[in-house]
Amino acid sequence: MNTDKNSFQSGDMVLLQDRKDRRYLTTLADGQVFHSHLGRLSHDFLIGHSVGGWYRTDRGHTLLAVRPTLGEFVRQMPRGPQIIYSKDLGNIVAFADIFPGATVVESGLGSGALTAALLRAVGDRGRVITYEIDESVTPKAMANISRVIPSPSNLTVTIGDVYQGIEERQVDRVVLDVPEPWQAVPGVAEALVMGGILISFLPTILQVHQLVGKLQEDGRFQMVETVETLLRPWHVTERSVRPAHRMVAHSGFLTTAVRCLPRVIGTVDNPSPPLNAEPDGPQSLRD
Ligand SMILES: C[S@@+](CC[C@H](N)C(=O)[O-])C[C@H]1O[C@@H](n2cnc3c(N)ncnc32)[C@H](O)[C@@H]1O
Numbered sequence: 007m008n009t010d011k012n013s014f015q016s017g018d019m020v021l022l023q024d025r026k027d028r029r030y031l032t033t034l035a036d037g038q039v040f041h042s043h044l045g046r047l048s049h050d051f052l053i054g055h056s057v058g059g060w061y062r063t064d065r066g067h068t069l070l071a072v073r074p075t076l077g078e079f080v081r082q083m084p085r086g087p088q089i090i091y092s093k094d095l096g097n098i099v100a101f102a103d104i105f106p107g108a109t110v111v112e113s114g115l116g117s118g119a120l121t122a123a124l125l126r127a128v129g130d131r132g133r134v135i136t137y138e139i140d141e142s143v144t145p146k147a148m149a150n151i152s153r154v155i156p157s158p159s160n161l162t163v164t165i166g167d168v169y170q171g172i173e174e175r176q177v178d179r180v181v182l183d184v185p186e187p188w189q190a191v192p193g194v195a196e197a198l199v200m201g202g203i204l205i206s207f208l209p210t211i212l213q214v215h216q217l218v219g220k221l222q223e224d225g226r227f228q229m230v231e232t233v234e235t236l237l238r239p240w241h242v243t244e245r246s247v248r249p250a251h252r253m254v255a256h257s258g259f260l261t262t263a264v265r266c267l268p269r270v271i272g273t274v275d276n277p278s279p280p281l282n283a284e285p286d287g288p289q290s291l292r293d
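Numbering (this note's numbering), first residue to last: 7 to 293.
Here you go:
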């Protein structure tokens, strides 16, 4: 266990950056050596030394060494299925309001990037249950997750088809990154608490259209909203301040929906409206 936050220990992940801002991710181990076209750097030079320090390779190149963020790790981690990157991970946690202590059902596990972000957001008191249809993805995903959270005892991996239903009840949030989430809607409605939130990541708008149609037809979901995040990095130097030439133009759409009672069943008539009340109540800010 690393007790000194300021220095690297054996087993720590380290992100090395060269003078052209190229980044390399490695895990420190006694006696190991990092190799690149810039030369060799012994891990022993870093172990016990400063995070945020500058280290010279045997070819005289200087590398900056820091701890990777979750987003940086995700970008570099070994993967099978397509992962969700940090621009969407952040908004999934925010828009689905994933909170410490929450019980979250996710599908699918894939390479584990989203699962790691969810585990961080729910914390030790929360739970993540992930449904994955393809058992073969689990070793790589679990290896990735354990690099971020060493022993995720509050993670349950259920090998199964989320379209066939969700066993859990009173679930706070459901997070879907599967190709046909509309097939999971009835099961999600059974699993979520009243007021619980479903969020779905989908790469194409035709999939979004089909999901939203199913949510409306089901009747147990309200406040259905779809957003897309465009993240444009900027190049800022003394002589030039402009958007970066390149950006990720598209990753996917996020659709959220809140589990509610169906409208007719759920309507509660106000027995004694105030005399000066507007006939239909105030206009919703969402309209
Ligand atoms: C795009 S990947 C998920 C990537 C993951 N969110 C990440 O960030 O690493 C989709 C995963 O869903 C799984 N999957 C597809 N259909 C499924 C279903 N009906 N039930 C459970 N898992 C499913 C696939 O096997 C795949 O691993």
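Beta carbons: idealized from backbone N, C-alpha and C, even for Gly. Note that the coordinates shown come from a computational prediction; the quantities given were computed from them, not determined experimentally.
Straight-line gap, residue i to residue j (C-alpha atoms, nearest Å)
{"i": "Leu204", "j": "Gly45", "result": "48 Å"}
{"i": "Phe14", "j": "Thr162", "result": "31 Å"}
{"i": "Met83", "j": "Ile53", "result": "22 Å"}
{"i": "Gln289", "j": "Gly59", "result": "Reliability of the predicted coordinates at Gln289 is poor, the pLDDT of 47 falling under 50, and the value obtained from them is presented with this limitation in mind. Going from the Cα of Gln289 to the Cα of Gly59 covers about 56 Å."}
{"i": "Val1", "j": "Val181", "result": "Because the chain here runs from 7 to 293, residue 1 falls outside it and cannot be looked at."}
{"i": "Val194", "j": "Ser113", "result": "11 Å"}
{"i": "Ala197", "j": "Pro145", "result": "27 Å"}
{"i": "Ala255", "j": "Pro209", "result": "12 Å"}
{"i": "Arg292", "j": "Val264", "result": "Note that Arg292 scores a pLDDT of 46, beneath 50, so its modelled location is shaky; the value from the coordinates is reported in the next line. Going by the C-alpha atoms only, they are around 14 Å apart."}
{"i": "Gly287", "j": "Asn276", "result": "Residue placement at Gly287 is flagged as unreliable, the pLDDT there being 47, under the threshold of 50; the coordinate-derived value follows with that caveat. Distance between the alpha carbons of Gly287 and Asn276: 11 Å."}
{"i": "Arg29", "j": "Arg238", "result": "20 Å"}
{"i": "His55", "j": "Ser152", "result": "24 Å"}
{"i": "Tyr61", "j": "Asp10", "result": "19 Å"}
{"i": "Trp188", "j": "His215", "result": "10 Å"}
{"i": "Val134", "j": "Thr164", "result": "11 Å"}
{"i": "Ser206", "j": "Thr261", "result": "5 Å"}
Beta-carbon gap between residue i and residue j smaller than 8 Å
{"i": "Pro268", "j": "Gly219", "result": "no"}
{"i": "Gly107", "j": "Val128", "result": "yes"}
{"i": "Leu120", "j": "Ile139", "result": "no"}
{"i": "Tyr137", "j": "Val177", "result": "no"}
{"i": "Ala122", "j": "Val154", "result": "yes"}
{"i": "Pro87", "j": "Leu125", "result": "no"}
{"i": "Val39", "j": "Arg73", "result": "no"}
{"i": "Val348", "j": "Ala71", "result": "This structure does not reach residue 348, given that the chain is present from 7 up to 293, and the question cannot be answered."}
{"i": "Gly77", "j": "Ser92", "result": "yes"}
{"i": "Asn150", "j": "Gly132", "result": "no"}
Residue range of the beta strand (DSSP E) that includes residue i
{"i": "Val143", "result": "Element bounds for Val143: n/a, residue is neither H nor E."}
{"i": "Leu69", "result": "68-72"}
{"i": "Gly77", "result": "It is not in any beta strand (DSSP E) - Gly77 instead sits in the alpha helix (DSSP H) that spans 76-82."}
{"i": "Ala263", "result": "259-265"}
{"i": "Gln296", "result": "The structure shown does not extend to residue 296, since the chain is modelled only from 7 through 293, so no value can be given for it."}
{"i": "Gln23", "result": "19-23"}
{"i": "Ser206", "result": "198-208"}
{"i": "Leu115", "result": "Premise fails: Leu115 is in no beta strand (DSSP E) and is neither H nor E."}
Residue i CB to nearest heavy atom of ligand 1 below 7 Å
{"i": "Ile155", "result": "no"}
{"i": "Ser13", "result": "no"}
{"i": "Tyr61", "result": "no"}
{"i": "Val184", "result": "yes"}
{"i": "Val99", "result": "no"}
{"i": "Ser113", "result": "yes"}
{"i": "Asp167", "result": "yes"}
{"i": "Ile89", "result": "yes"}
{"i": "Ile139", "result": "yes"}
{"i": "Ser257", "result": "no"}
{"i": "Ala119", "result": "yes"}
{"i": "Gly116", "result": "yes"}
Neighbour flag for residue i against chain D, beta carbons, 8 Å
{"i": "His55", "result": "In the structure shown, chain D does not exist; there is a single protein chain."}
Start-to-end residues for the alpha helix (DSSP H) that takes in residue i
{"i": "Thr121", "result": "119-128"}
{"i": "Leu34", "result": "Here Leu34 belongs to no alpha helix (DSSP H), and DSSP marks it neither H nor E."}
{"i": "Arg46", "result": "Taken as a continuous stretch (DSSP letters only), Arg46 belongs to no alpha helix (DSSP H), being part of the beta strand (DSSP E) at 45-48."}
{"i": "Leu182", "result": "Premise fails: Leu182 lies in the beta strand (DSSP E), 177-182, not in any alpha helix (DSSP H)."}
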